[in-house]
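Enquirer:
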Amino acid sequence: MRPPAHVRTIRVEATETGPNELQVTGTLLDERPRGERRWPGDDGAKVVHDMTVTLRVRYPDFVITKASGDMATHPYTICPEAVPALEQLVGLSVARGFNRAVQERLGRERGCAHLTALVLAMAPVVKQGAGAAFRGERGAPAASDDLWFINTCQAWRQDGPLHELVKRGDVEGFQALAARPRRSDASSTR
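Final position of the sequence shown in the working numbering is 191; the numbers increase by one with none missing.
1. Could you tell me the distance, in whole angstroms, from the CA atom of LEU121 to the CA atom of ALA156?
2. If distances are taken between C-alpha atoms only, which option among PRO41, ALA131, PRO162 comes closest to TRP149?
3. Taking just the CA atoms, how far does LEU163 sit from LEU93?
4. Taking the beta carbon of THR16 as the centre, do at least 16 other beta carbons fall within 10 Å, making it buried, or is it exposed?
5. On the premise that GLU88 lies in contact with VAL58, defined as a C-beta separation below 8 Å, what is that separation, rounded to the nearest angstrom?
6. Can you name, in chain order, every residue of its own chain whose Cβ lies under 6 Å from the Cβ of ARG9, other than the five neighbours on each side?
7. If we ignore side chains and look at the alpha-carbon of each, how far apart do GLY36 and MET72 end up?
8. Kindly examine the ligand SAH and report whether one of its heavy atoms sits closer than 6 Å to the Cβ of MET72.
9. How many Å lie between ALA134 and ASP43 at the Cα?
10. Closest by CA to LEU116, which one among GLU165, LEU166, VAL167, THR74?
11. Kindly identify the DSSP beta-bridge partner or partners of THR153.
12. Of the residues THR78, GLN24, THR53, which one's Cα is nearest the Cα of LYS67?
13. For the region 55-142, which segments carrying the alpha helix (DSSP H) assignment without a break, of at least 4 residues, lie completely within its bounds, in sequence order?
14. Quick one, are the C-beta atoms of PRO4 and PRO34 less than 7 Å apart?
15. On the DSSP bridge assignment, give the partners of ALA15 in chain order.
16. Going by the DSSP bridge assignment, what does ASP51 pair with across the sheet?
17. By how many angstroms is the C-alpha of VAL126 removed from the C-alpha of LEU29?
18. When burial is assigned at 16 or more other CB atoms within 10 Å of the CB, is HIS7 buried or exposed?
19. Measuring CB to CB, does ALA83 end up less than 7 Å from PHE99?
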């Protein structure tokens with residue numbers, strides 16, 4: 002079997018930088034394991050894109066307070082001209098309508114398709130990171146909590162089994178529905 006023609010790897014990390022602030026850093030790496038030339042000007046490099054976006058996000062309103070980026074590897078000298086457009090994310094809330102707002106500011110000729118894809122991949126990590134950093138993930142969520150995750154997937158659909166458990170405060174019910182024990186350290190992940 003031949004090596005893949007293209008491999009994209011996205012990694013996103015969220016770290017609390019203060020009592021009400023999260024820094025979310027995403028990296029995007031596009032590789033062409035075969036190293037084949039595909040278009041005029043293509044030098045056949047195996048790494049095509051190596052990009053980083055860093056967002057500072059205020060909690061609990063999820064408003065972006067700072068946005069920056071870097072292109073360590075890119076196919077054309079003019080590609081980094083798209084990086085300053087990331088500053089247009091400042092003031093946006095990573096909430097309903099975020100994807101559309103990102104596309105309006107960074108999409109198509111206004112930015113870079115790869116930076117835009119990275120920012121969109123970072124959005125769920127903002128919420129998950131805030132949950133881990135500021136609300137904790139030790140117990141079941143309470144009905145009084147910010148239930149931003151309702152209707153984000155079929156498991157968390159409104160009035161579905163998990164939502165009903167939240168409304169009842171049924172911690173044992175959550176344990177009964179757990180698919181597997183959570184892994185406690187990164188070394189045990191793939």
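Every residue gets a Cβ at the ideal spot worked out from N, C-alpha and C, and that includes glycine.
Expert: According to the structure data:
1. As a first step, residue 121 is located in the sequence shown; it is residue number 120 there, counting from the start. As a first step, residue 156 is located in the sequence shown; it is residue number 155 there, counting from the start. In this structure, the alpha-carbon of LEU121 lies about 22 Å from that of ALA156.
2. If you number the sequence shown from 1, residue 149 lands on position 148. Nearest to TRP149 by alpha-carbon distance, out of PRO41, ALA131, PRO162, is ALA131.
3. Numbered from its first residue, the sequence shown carries residue 93 at position 92. Numbered from its first residue, the sequence shown carries residue 163 at position 162. Computed Cα separation, rounded: 30 Å.
4. Looking up residue 16 in the sequence shown gives position 15. Counting other Cβ atoms within 10 Å of its Cβ, THR16 stays below 16 and is therefore classed as exposed.
5. Working through the sequence shown from its first residue, we reach residue 58 at position 57. Working through the sequence shown from its first residue, we reach residue 88 at position 87. Wrong, their Cβ atoms sit about 15 Å apart, outside the cutoff.
6. Taking the first residue of the sequence shown as 1, we reach residue 9 at position 8. Only ASP31 meet the Cβ criterion.
7. Translated into positions along the sequence shown, residue 36 becomes position 35. Translated into positions along the sequence shown, residue 72 becomes position 71. Rounded to whole angstroms, GLY36 and MET72 show a C-alpha spacing of 20 Å.
8. Absent from the structure shown: the ligand SAH. Ligands present: none.
9. Your numbering for residue 134 matches position 133 in the sequence shown. Your numbering for residue 43 matches position 42 in the sequence shown. Spanning the alpha carbons of ALA134 and ASP43 requires a straight line of approximately 43 Å.
10. Locating residue 116 in the sequence shown gives position 115, where the first residue counts as 1. Minimum Cα distance to LEU116 is reached at THR74.
11. As a position in the sequence shown, residue 153 is number 152, starting the count at 1. Residue pairing by DSSP leaves THR153 without any beta bridge partner.
12. Position 66 of the sequence shown, counting from 1, holds the residue named residue 67. Nearest of THR78, GLN24, THR53 to LYS67, Cα basis: GLN24.
13. Within the region 55-142, the complete alpha helix (DSSP H) runs of at least 4 residues are 99-107, 114-131.
14. For the purposes of this step, residue 4 is identified with residue 3 of the sequence shown, where counting begins at 1. For the purposes of this step, residue 34 is identified with residue 33 of the sequence shown, where counting begins at 1. For PRO4 and PRO34, yes; Cβs fall inside 7 Å.
15. For the purposes of this step, residue 15 is identified with residue 14 of the sequence shown, where counting begins at 1. In the DSSP output, where bridge partners are listed per residue, ALA15 has VAL25.
16. Within the sequence shown, numbered from 1, the residue matching residue 51 stands at position 50. Per DSSP, LEU30, THR74.
17. The count along the sequence shown starts at 1 and reaches residue 29 at position 28. The count along the sequence shown starts at 1 and reaches residue 126 at position 125. Rounded to whole angstroms, LEU29 to VAL126 spans 15 Å at the Cα level.
18. Residue numbering aside, residue 7 sits at position 6 when the sequence shown is read from its first letter. By the neighbour-count rule (16 or more Cβ atoms within 10 Å), HIS7 is not buried but exposed.
19. The residue given as residue 83 occupies position 82 in the sequence shown. The residue given as residue 99 occupies position 98 in the sequence shown. No. Outside cutoff.
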